[in-house]
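Here is the structure we will look at, set down as structure tokens.
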Amino acid sequence: MITVHLIPTAAMIPDPPLSTNPPPSTSNVSSSSSCALETPLTGHLESDITLLSSLLNGRIVDDVTDAPSPDRDRDGPLRSFSRLSAVLTIGSDDAHRAHRVHAISGQVRENSIALLVCAENTPISKDGRGSQEMQVVGEGSTIKIKDIQNHERGKKLLDTWDIDDTRDYIFQDHLRDIFQMLAYLRVLNAKLFTISNDHSFIKSTLTTASWNIVCLIHRRAFRKLGSRISDFIDHAALKTIREVIERLGFGQFPHNQFSIQISDPDLMHFKFMKRVANIPTLPSQPSPDHPYLLEVSPHNVLAWVESFSRILLFLRAQFPTLAFVKDTSRVLPIPGGAAVDGGLIALQVLLYLKPVVKFILKIPGVEPALLIEETSRQQWKNRNPDKLVQAFTAAFNQRTNVEPSEVSPEQDTTDAPSITDTSSSINVPTITDAPKSTDAPGLLRRTSEGTGAGKVHEDWVMDYESNESIRIISDDESDEDTLDDDGSYEDQDDDLPSSAFDPDSGNESTTNIEPDTAAGRVLKELYTITAWLVSSRSLAAQMEHFHNQDLEISIYKYSGSIRTLNHEQLKASLSNHVLLGCCRKGRKNQGKVQMKRPWGKLCHSCCKANIHAEAAVMECIWSGKMDISSSDVPIAVSKKCCFLCWLLHQLLNREGQWNFQLRGTHNTVYAWVPPPGLPKHILEQLCDALIKIIRSGSSRSVTRQSSYDSLRSNPPEIPKLERD
460 MITVHLIPTA AMIPDPPLST NPPPSTSNVS SSSSCALETP LTGHLESDIT LLSSLLNGRI
520 VDDVTDAPSP DRDRDGPLRS FSRLSAVLTI GSDDAHRAHR VHAISGQVRE NSIALLVCAE
580 NTPISKDGRG SQEMQVVGEG STIKIKDIQN HERGKKLLDT WDIDDTRDYI FQDHLRDIFQ
640 MLAYLRVLNA KLFTISNDHS FIKSTLTTAS WNIVCLIHRR AFRKLGSRIS DFIDHAALKT
700 IREVIERLGF GQFPHNQFSI QISDPDLMHF KFMKRVANIP TLPSQPSPDH PYLLEVSPHN
760 VLAWVESFSR ILLFLRAQFP TLAFVKDTSR VLPIPGGAAV DGGLIALQVL LYLKPVVKFI
820 LKIPGVEPAL LIEETSRQQW KNRNPDKLVQ AFTAAFNQRT NVEPSEVSPE QDTTDAPSIT
880 DTSSSINVPT ITDAPKSTDA PGLLRRTSEG TGAGKVHEDW VMDYESNESI RIISDDESDE
940 DTLDDDGSYE DQDDDLPSSA FDPDSGNEST TNIEPDTAAG RVLKELYTIT AWLVSSRSLA
1000 AQMEHFHNQD LEISIYKYSG SIRTLNHEQL KASLSNHVLL GCCRKGRKNQ GKVQMKRPWG
1060 KLCHSCCKAN IHAEAAVMEC IWSGKMDISS SDVPIAVSKK CCFLCWLLHQ LLNREGQWNF
1120 QLRGTHNTVY AWVPPPGLPK HILEQLCDAL IKIIRSGSSR SVTRQSSYDS LRSNPPEIPK
1180 LERD
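Structural data, given as structure tokens:
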């Protein structure tokens, strides 16, 4: 992956707040950029955006002016839509790790959802035929989902959740099923209060129905959940953590011991996991003065690590991946009811014990050890600047009469300054290489050599250029459908039961861990595998929030297909400077020009371009195809949005009519097709931003690789083994 990092300089002029910005116009674009727009690469702005975004596919743009939307209210509509989006994200037999990306927006009236509009990524046509320009056949239209209030079918779904043998669900069917089950839960709630005054009976009945909703959602998401559990096991590196703790003396632990109080509803879960994972310090007989408490201290932390290891292995047994299935058909079996029940108990216990996870992750020596393990799994591209990008940079500089960067394309530009345009409202980022992960074995070989007590020396041997197949696999991963970010769950501390924390402990184990660390990424994996649990429980608890007899749910789709530029048209659109950098004469094809891999990669990225779901929702509301009375429009995405969708929402907000709200962005550029109907000046600014990214020089990288470089120059202190 290539990282594009914005270097703030004094010449940069930050944008004013969105609410005070004037409507954008072509006059805001610099003269050099306007010159580029007057002579597009393909003759069409839409095609230019797709071509340029395909060139930048998989690169990260870190814009310092970006800020998350203000709606961080726990009970706000964006939060509710995010919960719904999470339970709608399930895998399929074709894609275990991801489902097609979707976005959800709508309107809340009188504390209940009155309107929902959903969209999925719209891929290009798979017929293999290209065209002379990027085409979107037909405009977008809404399709209303019917029968969402059918509570009788919702009851049937809950009664048969463990015997349903359906493997794959299309998005609209799964969405309809969720609302039918919520409708049944509302009807059941009202019925129970009319026939009984026994609140314990009512609570027990509703709890059972809500639990069945949670079970059904996890059973449908078994493939994706299994993949995430497997990733968590790899990233947690419990064996490495155990080795670090064994080298520590008790006096070197930074925290005092603390305790976690277990509430009665969760007691049976812990008793079950006590048998499965041998959870330490679980008392057998509590008293009113001494409730169930889990003690955590340096003396039993190794036992806790062992318990976590057993819990994770138990989870993997309930939700396996193909690597752990002996079936020769290579099809994952749908888990039975007992497996789902057991897996959910383990997930609840794991979520409850997150303070213990934090305690372990903050032990001295764990962070550098995790970073070493993490880096050993990384697949890095070579550090030479991408030749195709350099060729594009030269071409744009020549066509727009812009002085090129002082740094030659052939030189190492690790610390080169960025090119800044003070006349434009869009900042100019810089581009650097970033690591790319792969599961291919044997790519990195590590040799360890002790250099004295407390020191570790790592010698990394990389064999990249000679393994073209692994490079192709790595490049293919730069696709949004395979990027499972799930980054909207950083605030899941709010969802932990308050009884999980001992207010008198005064320890640091409940403080936050920095997300941009190896420990933070392990913690994020924990959030990911518990996301379905937290979200489905929240939906069931907030069933009245989804109660509205006039509720309308629509799917926004485009009536025709998207056809990408054909390869000959792409080739004709590029200057000779570009072609010189990405073609060669073949020896075995009678001297015909044969394209190198960078060119093939560009064509491949163009063929995988999408109209992104959140962009489609914004276009739907912008064009008036949905009757939204409020100017604030929250949009929840199953994954964090890309750089271009984030930029689009900023540009549309500046128009003043709508205030689109997104949770955040991972700042990655993907092959992107603009939704039809966007104003020309918006398209020009999107194109201008991509051109500026390409024209920028290389600079330093803020990635895991830089963290590891620092680690190599300052080896971690590994404590000696101390015995009592």
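To get my numbering, take the position in the sequence shown, counting from 1, and add 459. Built from N, CA and C at the ideal position, the CB exists for glycine as well. Since the structure is predicted, the reported quantities are computational estimates derived from the model, not experimental observations.
Based on the DSSP output, what are the partners of residue i in its beta bridges?
i               : result
serine 1018     : Paired residue(s): none; serine 1018 is not in a bridge.
lysine 603      : Ser1013
asparagine 516  : Its beta-bridge partners do not exist; DSSP assigns none.
glycine 565     : Leu575
asparagine 1069 : Pro582 and Trp1131
leucine 752     : Gln720
aspartate 1095  : What sits at residue 1095 in the sequence shown is alanine, not aspartate. Answer by DSSP bridge pairing, in chain order: Ile563.
proline 1118    : Inspection of the sequence shows that residue 1118 is occupied by asparagine rather than by proline. DSSP lists Asp1091 as partners of asparagine 1118.
cysteine 1100   : Thr1124
Using the rule of at least 16 other Cβ atoms within 10 Å of the residue's Cβ for burial, across every protein chain shown, is residue i buried or exposed?
i                 : result
arginine 531      : The predicted model places arginine 531 with a pLDDT of 48, which falls under 50 and marks its position as unreliable, so this point remains unresolved.
glutamine 608     : buried
asparagine 656    : exposed
asparagine 1112   : buried
phenylalanine 652 : exposed
asparagine 737    : exposed
phenylalanine 660 : exposed
histidine 758     : exposed
alanine 649       : exposed
lysine 1139       : exposed
proline 724       : exposed
threonine 667     : exposed
threonine 625     : exposed
lysine 683        : buried
lysine 813        : buried
aspartate 1147    : buried
alanine 1000      : exposed
Counting only the same chain and skipping the five closest in sequence on each side, list residues whose C-beta sits under 8 Å from that of residue i.
i             : result
serine 1090   : Gln1116, Trp1117 and Asn1118
histidine 633 : Leu547, Ile549 and Arg679
alanine 782   : Ser689
leucine 665   : Leu644, Leu647, Asn648 and Leu651
glycine 1084  : The sequence given here places lysine at residue 1084; glycine does not occur at that position. Cβ neighbours of lysine 1084 beyond the five flanking positions: Gly599, Ser600, Thr601 and Tyr1015.
For residue i, which residues of its own chain have a beta-carbon under 7 Å away from its beta-carbon, when the five flanking residues on both sides are left out?
i              : result
glycine 1129   : At residue 1129 the sequence reads tyrosine, which differs from the glycine that was named. The answer, listed in chain order, is Ser512, Asn516, Glu939 and Cys1101.
valine 646     : His610
methionine 727 : none
histidine 1108 : Met1077, Phe1119 and Leu1121
serine 486     : Bear in mind that the predicted position of serine 486 carries a pLDDT of just 32, short of 50, making it unreliable; the figure below should be weighed with that in mind. Once the five neighbours on either side are set aside, serine 486 has no close Cβ partner at all.
valine 1009    : Sequence check: residue 1009 is aspartate here, not valine. Closer than 7 Å at Cβ, skipping near neighbours: Ala573.
alanine 977    : Glu826, Leu829, Leu830 and Glu833
alanine 805    : Met732, Ile770, Phe773 and Leu774
Nearest to residue i by alpha carbon, out of the options?
i               : options                               : result
isoleucine 1150 : His503, Gly502 and Ile508             : Ile508
glutamate 569   : Lys817, Phe1005, Leu547 and Val1132   : Phe1005
alanine 1072    : Lys1060, Val1096 and Gly1059          : Val1096
glycine 685     : Arg1113, Val1076, Ile549 and Thr834   : Ile549
lysine 614      : Leu641, Ile602 and Asn1069            : Leu641
arginine 701    : Ser571, Ser768, Glu984 and Leu1103    : Ser768
glycine 565     : Arg706, Ser1013, Glu1003 and Val815   : Ser1013
leucine 774     : Arg687, Ile831 and Lys983             : Arg687
proline 823     : Ile704, Met1002, Thr619 and Leu998    : Ile704
glutamate 505   : Ile1141, Pro1133 and Leu514           : Pro1133
proline 794     : Ile583, Cys674, Thr989 and Leu761     : Cys674
histidine 694   : Ala1068, Cys1062, Met1085 and Leu830  : Leu830
arginine 789    : Val815, Asp552 and Gly599             : Asp552
isoleucine 572  : Asp1086, Leu1110 and Glu1003          : Glu1003
lysine 1067     : Asn580, Ile819, Ile629 and Asp606     : Asn580
proline 1135    : Trp1081, Gly1123, Trp1105 and Pro1093 : Trp1081
Between which residues of its own chain and residue i is the CB-CB distance below 6 Å, once the five residues before and five after are set aside?
i              : result
isoleucine 676 : Val546, Trp991 and Ser995
aspartate 621  : Gly796
aspartate 944  : With a pLDDT of 44 at aspartate 944, under the threshold of 50, the modelled position of this residue cannot be trusted, and the question is left open.
serine 756     : Gln716
leucine 771    : Ile692
glycine 801    : Gln777
proline 481    : Bear in mind that a pLDDT of 35 at proline 481, under 50, signals an unreliable position, so the number given afterwards is only what the model happens to contain. Excluding residues within five positions, none has a Cβ falling inside 6 Å.
threonine 699  : Ala828 and Glu832
leucine 1145   : Ile508
valine 735     : Phe773
leucine 1103   : Trp1131
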